[in-house]
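Residue numbers (my numbering): 321 to 781. By construction, the Cβ of each residue, glycine as well, lies at the ideal position given by its N, Cα and C atoms. Each remark here refers to the structure printed beneath this line.
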Ligand code: BES
Ligand code: ZN
């Protein structure tokens with residue numbers, strides 16, 4: 321299989337790429353924030369937009385109703401006997417707050433040099449739209465595809481992904497039956513250096529609420545006579561993690577953690593990694609993490625317990641003298657195989673209740689969870705994907721990630737096929753942050769890589 325085999329389509333992509341970028345901008349203009357009920361109609365509008373683009377590309381496509389946000393499904397199955405590739409992505413985005421830190425309106429995409437800046441640019445509209453444009457370009461050029469394709473794009477990945485989860489389980493893989501899943505919702509290892517991602521963390525997300533008096537009290541009149549919910553919350557949070565060793569202190573937390581394999585530690589250590597540049601890129605005075613592990617090992621393969629927000633009491637300008645009635649915190653625990661998200665939620669609750677000081681009530685609320693996953697990376701389609709990435713950039717390196725894509729473990733269990741996590745993003749894309757961006761050259765590179773993957777997969781004997 322040589323590069324010239326795709327030259328017809330690659331030339332079309334080159335001619336039409338600005339048009340693809342304009343379409344992506346239209347897609348990004350729809351504020352499909354799945355976590356906020358106020359945006360329900362926009363999420364729906366976004367799903368319909370994507371379905372229409374699939375229809376225009378020549379796929380059969382539909383919106384699938386769910387209890388939550390709709391799924392967008394598309395297919396082209398005109399290559400009997402050839403492999404079937406299932407492309408997964410998500411059309412929902414995280415909220416854009418804090419708005420004042422954006423250089424522009426987060427839903428009015430702006431191209432600055434090579435960077436397309438907008439909420440969802442890389443996570444995941446831009447990356448997954450590259451799949452669709454590659455398929456559309458092949459169909460436009462040749463009227464047919466070298467393989468069968470299916471698309472499943474969900475509208476609630478950022479809010480837990482229950483709809484797709486139950487769809488996959490009920491469908492038991494019939495509608496979604498395939499030979500491999502392709503997902504682009506992660507990053508390359510470095511500019512020009514693609515990666516084959518084989519591990520994602522899971523998640524347990526909890527909220528703590530500490531309640532004391534039935535109203536805010538005068539901190540002089542009552543201070544000292546009642547437990548303060550803010551102090552109690554801080555006491556609990558301070559006991560989640562050892563400040564010296566970085567170890568999580570919840571009893572049993574590490575019991576099921578699968579240790580890093582020797583080959584992984586060796587491979588990670590061989591990757592070019594500049595600690596100092598990494599430190600500077602995030603603006604911290606010093607890196608900190610679990611004793612006994614390198615930065616990459618901590619971020620990719622060791623479980624964490626982190627406060628995501630603390631609130632309650634007087635938070636505005638100046639000093640108001642109160643004992644707050646209540647205080648709360650949101651805490652996420654990123655998990656690695658073989659930790660179980662439900663079990664970890666239980667261990668967390670048992671632990672905080674066991675150390676809870678007197679004089680307050682404590683609520684522990686569980687939000688979404690996701691299972692950690694490690695993926696087998698062998699077989700002809702994996703080889704085809706690696707080669708397709710090398711056609712555009714260079715040979716991918718094997719990496720793990722600290723992020724979570726909840727559906728991956730379900731795909732892996734229910735569909736039982738290889739899952740190819742081919743990220744087109746970059747480490748500095750600012751996902752979930754202000755001024756999220758996607759490099760336009762990576763959007764085009766992603767389209768070319770998928771064109772090559774289609775041709776390479778079609779050539780498998
Ligand atoms: N695209 C990310 C996951 C990701 C981030 C993978 C970085 C690889 C590198 C995904 O959209 C995401 O943000 N997922 C959430 C899931 C959560 C809400 C259950 C996450 O990881 O916080
Ligand atoms: Zn994403």
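Of the residues the options, which one's Cα is nearest the Cα of residue i?
| i | options | result |
| --- | --- | --- |
| residue 623 | 656, 637 and 614 | 656 |
| residue 676 | 640, 371, 557 and 706 | 557 |
| residue 491 | 384, 633, 552 and 411 | 384 |
| residue 429 | 762, 414, 417 and 446 | 446 |
| residue 269 | 714, 326, 371 and 344 | No answer is possible for residue 269: the residues shown for the chain start at 321 and end at 781. |
| residue 514 | 709, 432 and 613 | 709 |
| residue 368 | 398, 420, 433 and 474 | 474 |
| residue 690 | 524, 757, 607 and 539 | 524 |
| residue 433 | 776, 536, 767 and 761 | 761 |
| residue 774 | 465, 418, 374 and 370 | 465 |
| residue 576 | 695, 659, 713 and 778 | 659 |
| residue 427 | 451, 351 and 410 | 351 |
| residue 547 | 653, 419, 732 and 642 | 642 |
| residue 469 | 476, 478 and 453 | 453 |
| residue 664 | 330, 572, 505 and 551 | 572 |
| residue 333 | 462, 609 and 584 | 462 |
| residue 414 | 752, 757 and 764 | 752 |
| residue 564 | 531, 596, 607 and 527 | 607 |
| residue 716 | 591, 337 and 545 | 591 |
What is the rounded straight-line gap between the Cα of residue i and the Cα of residue j?
| i | j | result |
| --- | --- | --- |
| residue 358 | residue 389 | 13 Å |
| residue 376 | residue 740 | 26 Å |
| residue 379 | residue 366 | 18 Å |
| residue 726 | residue 486 | 12 Å |
| residue 402 | residue 340 | 28 Å |
| residue 435 | residue 759 | 5 Å |
| residue 703 | residue 582 | 24 Å |
| residue 347 | residue 456 | 16 Å |
| residue 534 | residue 645 | 6 Å |
| residue 542 | residue 356 | 38 Å |
| residue 587 | residue 551 | 44 Å |
| residue 422 | residue 635 | 23 Å |
| residue 621 | residue 580 | 7 Å |
How close, in whole Å, do the beta carbons of residue i and residue j come, if the pair is a contact with beta carbons under 8 Å?
| i | j | result |
| --- | --- | --- |
| residue 680 | residue 549 | 6 Å |
| residue 566 | residue 720 | 19 Å between Cβ atoms; not a contact. |
| residue 495 | residue 723 | So it is not a contact: roughly 27 Å between Cβ atoms. |
| residue 406 | residue 501 | 5 Å |
| residue 707 | residue 768 | Between residue 768 and residue 707 the Cβ distance is about 13 Å, and since that is not below 8 Å, they are no contact. |
So who's on the other strand from residue i, going by DSSP bridges?
| i | result |
| --- | --- |
| residue 364 | Paired residues: none, contrary to the question. |
| residue 353 | 413 |
| residue 435 | 432 and 759 |
| residue 531 | 646 and 681 |
| residue 745 | 507 |
| residue 500 | 405 |
| residue 770 | Answer by DSSP bridge pairing: none, since residue 770 is not bridged. |
Could you please go through the chain and list the residues whose beta-carbon is closer than 6 Å to any non-hydrogen atom of ligand 2?
Ordered along the chain, the selected set is 410, 443, 444, 477 and 505.
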